[in-house]
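Chemist:
There are 4 protein chains.
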Amino acid sequence: MSVPDGLPKMEYRLLGRSGLKVSAISLGGWLTYGGHVENENTFACMKAAYDVGVNFFDCAEQYSGGESEKVMGDAIKKFGWKRNDLVISTKIYWGTAFGDNPVNNVGLSRKHIIEGVNSSLERLGLEYVDLIYAHRADRETPMEETVRAFNHIINTGKALYWGTSEWTAEEIASAWRYADKLGLIGPVMEQPQYNMLARQKVEGEFERLYEEFGLGLTIFSPLKIGILTGKYNDGIPKDSRLGTSNDNFVKGMNERIGDESWKKDIETVARLKPIAEKLEISQATLAMAWVLHNKNVSSAITGASRPEQVYDIVKSLDAVSKLTPEVMDDIDAVLGNKPTALIRRY
Amino acid sequence: MSVPDGLPKMEYRLLGRSGLKVSAISLGGWLTYGGHVENENTFACMKAAYDVGVNFFDCAEQYSGGESEKVMGDAIKKFGWKRNDLVISTKIYWGTAFGDNPVNNVGLSRKHIIEGVNSSLERLGLEYVDLIYAHRADRETPMEETVRAFNHIINTGKALYWGTSEWTAEEIASAWRYADKLGLIGPVMEQPQYNMLARQKVEGEFERLYEEFGLGLTIFSPLKIGILTGKYNDGIPKDSRLGTSNDNFVKGMNERIGDESWKKDIETVARLKPIAEKLEISQATLAMAWVLHNKNVSSAITGASRPEQVYDIVKSLDAVSKLTPEVMDDIDAVLGNKPTALIRRY
Amino acid sequence: MSVPDGLPKMEYRLLGRSGLKVSAISLGGWLTYGGHVENENTFACMKAAYDVGVNFFDCAEQYSGGESEKVMGDAIKKFGWKRNDLVISTKIYWGTAFGDNPVNNVGLSRKHIIEGVNSSLERLGLEYVDLIYAHRADRETPMEETVRAFNHIINTGKALYWGTSEWTAEEIASAWRYADKLGLIGPVMEQPQYNMLARQKVEGEFERLYEEFGLGLTIFSPLKIGILTGKYNDGIPKDSRLGTSNDNFVKGMNERIGDESWKKDIETVARLKPIAEKLEISQATLAMAWVLHNKNVSSAITGASRPEQVYDIVKSLDAVSKLTPEVMDDIDAVLGNKPTALIRRY
Amino acid sequence: MSVPDGLPKMEYRLLGRSGLKVSAISLGGWLTYGGHVENENTFACMKAAYDVGVNFFDCAEQYSGGESEKVMGDAIKKFGWKRNDLVISTKIYWGTAFGDNPVNNVGLSRKHIIEGVNSSLERLGLEYVDLIYAHRADRETPMEETVRAFNHIINTGKALYWGTSEWTAEEIASAWRYADKLGLIGPVMEQPQYNMLARQKVEGEFERLYEEFGLGLTIFSPLKIGILTGKYNDGIPKDSRLGTSNDNFVKGMNERIGDESWKKDIETVARLKPIAEKLEISQATLAMAWVLHNKNVSSAITGASRPEQVYDIVKSLDAVSKLTPEVMDDIDAVLGNKPTALIRRY
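Protein chains in written order, with UniProt numbering: chain V, 1 to 346; chain R, 1 to 346; chain A, 1 to 346; chain Y, 1 to 346.
(1) Please identify the residue among M189/Y, L197/Y, Y194/Y whose C-alpha is closest to the C-alpha of G214/Y.
(2) State the start and end residues of the unbroken alpha helix (DSSP H) segment that holds V334/A.
(3) Between V314/A and chain Y, is there a C-beta pair that is closer than 8 angstroms?
(4) Are G73/Y and G125/Y touching if we call contact CB-CB under 8 angstroms?
(5) Contact criterion: CB-CB distance below 8 angstroms. Does I132/A meet it with respect to chain V?
(6) Quick check: the segment 86-93 of chain A against the segment 115-125 of chain A, are there 3 or more CB pairs under 8 angstroms?
(7) Just confirm the distance between the C-beta atoms of T218/A and S305/A, as a whole number of angstroms; I'd bet it's less than 8 angstroms.
(8) Looking only at its chain, what residues have a beta carbon closer than 6 angstroms to the beta carbon of F43/V, apart from the 5 residues adjacent to it on each side?
(9) Short of 9 angstroms Cβ to Cβ, which residues in the segment 171-191 of chain R face chain V?
(10) In three-state DSSP terms, what is V3/A?
(11) Could you tell me which chain V residues have their CB closer than 8 angstroms to the CB of R148/R, listed as they occur along the chain?
(12) Looking only at C-alpha atoms, which of K21/Y, G66/Y, R199/Y sits nearest to T340/Y?
(13) Taking all protein chains shown into account, decide if D58/R is buried (16 or more other Cβ within 10 angstroms of its Cβ) or exposed.
(14) Using the DSSP secondary-structure output, state which residues sit across from R13/R in a beta bridge.
(15) Which one of L323/A, N104/A, D312/A has the shortest CA to CA distance from V3/A?
(16) Show which residues of chain V have a CB atom less than 9 angstroms away from the CB atom of I92/A.
(17) Could you check how far apart the C-beta atoms of E145/R and W94/R are, in whole angstroms? I think they sit under 8 angstroms.
(18) Any idea what DSSP makes of L317/R, helix, strand or coil?
(19) Compare the Cα-Cα distances from I132/V to each of W162/V, M143/V, I113/V and report the closest residue.
(20) Between L108/V and chain R, is the shortest Cβ-Cβ distance under 8 angstroms, so that the two count as touching?
(21) If you reduce the DSSP assignment to three classes, tell me which class I88/V lands in.
(22) Contact criterion: CB-CB distance below 8 angstroms. Does L27/Y meet it with respect to chain R?
(23) Cβ of I114/V within 8 angstroms of Cβ of A169/V?
(24) Rounding to the nearest angstrom, what Cα-Cα distance links K278/A and G186/A in this structure?
(25) Residue range of the alpha helix (DSSP H) that M72/Y falls in?
(26) Just verifying my parser: in three-state terms, what is the DSSP assignment at K338/Y?
(27) Contact between the segment 40-55 of chain V and the segment 172-183 of chain A is defined here as three or more beta-carbon pairs at a separation below 8 angstroms; is this criterion met?
(28) Would you kindly work out how many angstroms separate the C-alpha atoms of W290/Y and Y210/Y, rounded to a whole number?
(29) CB-CB under 7 angstroms to A276/V, same chain, minus the five flanking residues each way: which ones, in chain order?
(30) Helix, strand or coil, according to DSSP, for T302/R in the structure here?
(31) Identify which residue in L108/R, R136/R, L223/R, N294/R has its Cα closest to the Cα of Q309/R.
(32) Looking at the structure shown, is N118/A part of a helix, part of a strand, or coil, going by DSSP?
(33) Can the beta-carbon of G99/Y be found closer than 8 angstroms to that of K82/A?
(34) On the DSSP bridge assignment, give the partners of E190/A in chain order.
(35) Per DSSP, which residues does L27/V bridge with? Please list them.
(36) Whole angstroms is fine: what's the gap from I154/R's alpha carbon to N294/R's?
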């Protein structure tokens, strides 16, 4: 399938206070690769993304027990893409298919960071990743050990930048404290969930980090597993991921279906429909553009499972300019979840 | 021989203030590997330990003149264990079978640390050990040289953590002083002797180190060469290690037999018998549980020479909870060697 | 073609406050290698330069899209020159022939510096360059990232010294600020344009840097694309570079032809003719000697396209001593562009 | 030739404030290896030295234009000596057989240190030397560059310790200043000339360095090219080195023959004869023992050209104890060159 005519040009953004440029829209391997979508389809999605200018492909050691990294590495070889053109990431924390004694195959100890990165690079078939993430914070490992270990990874040429995923603001600040104290490199990016229904962390808790540490964001779940597209407004279609996937995260979502918070989300999404219609865009485009409107977002990671979805998502780049202050106020009024500024300026 | 039913689940503890987890019970290669017990037996002991959840296997360059490392490395290959599942250590100081001019094949000079580690890794057939110990303090080598050399080992990927064995509290503090001054990594663990009959160092001298430097302990000789099992209460059996081994340490023990301190120890052990009987455990289990009761002990290294011994030792994990404050007081009353707190809090 | 008799002996100068010695006259690959002059000719020029004592050969990743580095590397192999005898440089910033997505193939991010240097070394067929330059300043990449990345290049043995090209004095000072703060190596040399018609930067803006940071200069365009030789005094010859080259820089020069600044330059050059005649040297020799007269210039990079030009340029070494204070004053009177001292001494 | 009976046991001394032990007597490759004594003889001398416990073999990149390193490396392989048993040194400064353009093949620039060490290791056939010396101070290279470059050599595993040769006290202190400032490793040893006729530097100028920086000495020329053996007391034998060698240093000595300073030295040496006779040792043994008597001397490097000379020199180890305070006073009275203490203690 070839790229449709008329798609907007990809936008590239600096990854926080670094010199690396990532496509504003990127492709994640969370559900897609090696999972319920077969490999050929994954290849097609990656190619579609590459063709529309996506340069950032996100993965993690534990996605599909390591299979996602293998498929991503296979795609890079299959299509003969130049390494320099790509920004490849992976994340360390959860380990992969475990051996007999997995106690040290998880977390952010020096042991798991080094062993995990070595395993990931082997699966990817790469000498280095561009970005290496701590996939969670590890309260059992001293922060200094983790900061030193990620710097060891960078010093040995196995990664170019390191960052975090789903850390608290305090944990990120603590990592920088050790980096500064020891003259080491601190975490330059964080990967949180961010979408219209989940904005407290990015717009509230993290408020000071962008200026203070130059934190860049590579956010995931911009459409909240599709809820924000409006496709669940009238119930769960049988062929959707929510209806079929065995993934734990999705199963967790399934369990929410029908409870109060789920109902509240569906109602909120339904009330966004008129705003999208007025702007003559789909609700998915509105939700995606809303995320990209936030300049602290370096890249929004999407989990497309068909090439058409990739093309659709890219259209949102054109819609960002439609989000005038007035439209943003209308959206805030519907969402009712705008964080109060934590920074007081006297 | 297969694992008996009903053994308690292995417990894993953080190695001091690090993110590494070691099994509370571990296996040491001091007497066992390559020594008077043939290799096949060693393999059987290692397998038994691995099967009950032991992940930490301890060795040293000089155990059996380097043979212990070879056998340990052979076992890892033979059983196809995953490297990530294992915590492998060795220790540098004493050198191994010497060349013609061994003056620099001993101690903690940069030369011996680097050459010693390279030799150990070759014998083990590994790219890195998890833990590297300074097997003694070296008063002839400047502390700064030793601290720098162990950091060189870590920076070149040959070890993940470094520590000490049989150092004084002052020496450990001095190592940290240089590590802090130079922004380097300090020693995270110490390997002292620790058991009911030898507790002054761990409970007295080291008292401040656990909080101050996050020191973890991997203690050896929890049963004091079997004395604490009570098996020498009525004299030395002919087939025991004390009766047969050529090992220098054991020979040193032999020389003590019959002297005043030996008699005193045997009498003390005999007086512990009622306490063990009251708890319905063996004296060996009591002694082992007593060591594990100390939370500053990350791992107790045992020197089993038969698989059955491994299984027996593991049972002590269940006995720790029997050591109530009252029982501990009774034990202290028998031992009469509880160190006075050195830390004064006003 | 063999070296003519009577050429002066090459002079070697320290590269700023470093221990490296570069020939006062050096050969650059800007227009020459792989470009409009065929490879054999390039080999001949390099050999001529080498034979007269030139030890410094300058290149850049983007010269002729990477072809210049290949030809330079081929020459070194072809002539069997010893690596230790040579000072080889290249420059990172502009990238080379791009892949599909060149956003990260440009600039001074850690990614492009590492990937760019690796690519350059592969094209050159060398394990390291002596000098690595940041070919421009990159205002999008944090200075700290750039300083760290060049130190990574030095620490991994891929370059011996790093410097800048066409940076401002403030940017150079800022790089040193981060180097000093982090205990890293700062930029030791800068490569600016410098000639009789362009002296504000070298003699004005950079005035403090020589003493403050030990900055050395490897200047380019000492003859300003030949203008200072006087050969364009009577119009543009059809067979000159200005008449024939497709190079962008030269095309930019072409566009200036006939405008006011071009006319002013030509008039100035014409007025230098009597001075050259009085000293019994050519105008080219005068211009070259004038550049070498500045002791802050470690090396003047020339872009000879024929061996004869190399020999001619070397003659200027003998002419430096003719530039007495009186002659220099006469030249300043013609040029009328002597920068006012920025450093005030009370 | 086998080791004679009755030789004293070799003494090992710490190399300054380091953990490395060097034999108090060592063998240097200055005149011997690859020079006027053929290789087989060199092998015999090295074997004799090794057999009497010499573990330190000293070389330099420029000794016999690199040939000394090759022969030393050949000997190590030939005899199958274990690397750990040896302390091998070389020195960087003078370069070796030059290429066409040797300007950067000399001195202490980062370029020559790295390229020089790589070349030396290749000639020696070793992965690392134990000691790397700066063979002279280089006033043209910034001290910081030199200190960083030697640390790079240590960090990349190519040497274990670095030091200096024929530096001034101020230069050594300056190197430590940069090492301390940057958290790097400073020079641990200096190689000066030291003997009864040349003691101002070691006993005067360097007085504070032993305590302040832990400086160790590996001194050369303990017998001052044989003058102190008394063999030139009655003129120059035709078959001696002074009579036959083409070495520049020796030729420089030859030129002194007959001048006032030479005559004064010969007279002084003649007046030492009665002291040696009273102690029942040869003058050579006296001179050698006198050097070893100085505890700041870690090793005295000798340049034996026959195995018998090695055995003779070793005998001086037994003679050190004969140098009572009274004997030392008698010697000082003859020499008349005892430095005045520079350190004033109030």
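Beta carbons are placed, not taken as given, at the ideal position from N, Cα and C, and that holds for glycine.
What you are looking at is a predicted structure, and each value in this text was computed from that prediction instead of being measured.
Modeler: Checking against the coordinates, here is how it stands:
(1) It is M189/Y.
(2) Counting along the chain, the alpha helix (DSSP H) containing V334/A begins and ends at 325-335.
(3) Taking Cβ atoms only, chain Y never reaches closer than 8 angstroms to V314/A, which makes this a no.
(4) Taking 8 angstroms as the cut-off, the beta carbon of G73/Y is found closer than this to the beta carbon of G125/Y.
(5) No, its Cβ sits nowhere closer than 8 angstroms to a Cβ of chain V.
(6) With the cut-off at 8 angstroms, the segment 86-93 of chain A and the segment 115-125 of chain A touch.
(7) Contact doesn't hold; Cβ gap of about 20 angstroms is too wide.
(8) For F43/V, where only same-chain residues beyond five positions count, the Cβ hits under 6 angstroms are A75.
(9) Those residues of the segment 171-191 of chain R placed with their C-beta closer than 9 angstroms to a C-beta in chain V are G183, I185, V188, ordered along the chain.
(10) If DSSP states are grouped into helix, strand and coil, V3/A belongs with coil.
(11) Neighbours of R148/R on chain V: none; closest Cβ ~16 angstroms, over 8 angstroms.
(12) Looking at the Cα atoms, R199/Y is the closest of the given residues.
(13) Result: buried.
(14) The partner list for R13/R (beta bridge, DSSP) reads V22/R.
(15) For V3/A, the closest of L323/A, N104/A, D312/A by C-alpha to C-alpha distance is D312/A.
(16) Contact note: I92/A does not reach chain V at a C-beta cutoff of 9 angstroms; the least C-beta distance is about 12 angstroms.
(17) Contact between E145/R and W94/R does not hold, since their C-beta atoms are separated by about 18 angstroms, which reaches or exceeds 8 angstroms.
(18) DSSP places L317/R in helix when its eight states are reduced to three.
(19) Sorting W162/V, M143/V, I113/V by C-alpha distance to the C-alpha of I132/V places W162/V at the top.
(20) Chain R contact via Cβ: present.
(21) Three-state result, I88/V: strand.
(22) False, the Cβ-Cβ gap to chain R never drops below 8 angstroms.
(23) Going by C-beta atoms, I114/V is not nearer than 8 angstroms to A169/V.
(24) Distance between the alpha carbons of K278/A and G186/A: 44 angstroms.
(25) DSSP places M72/Y inside the alpha helix (DSSP H), whose first and last residues are 67-79.
(26) In this structure, K338/Y counts as coil in the three-state DSSP scheme.
(27) Result no; under three Cβ-Cβ pairs closer than 8 angstroms.
(28) Their backbone Cα atoms lie some 19 angstroms apart in a straight line.
(29) S282, Q283, L286.
(30) T302/R falls in the strand class under three-state DSSP.
(31) Closest option to Q309/R, judged by alpha-carbon separation, among L108/R, R136/R, L223/R, N294/R: L223/R.
(32) The answer is helix: DSSP assigns N118/A an H, G or I state.
(33) Yes.
(34) E190/A pairs with T164/A, L217/A.
(35) According to DSSP, which records beta bridges pairwise, L27/V is partnered with F57/V, T302/V.
(36) I154/R and N294/R: Cα-Cα distance of roughly 29 angstroms.
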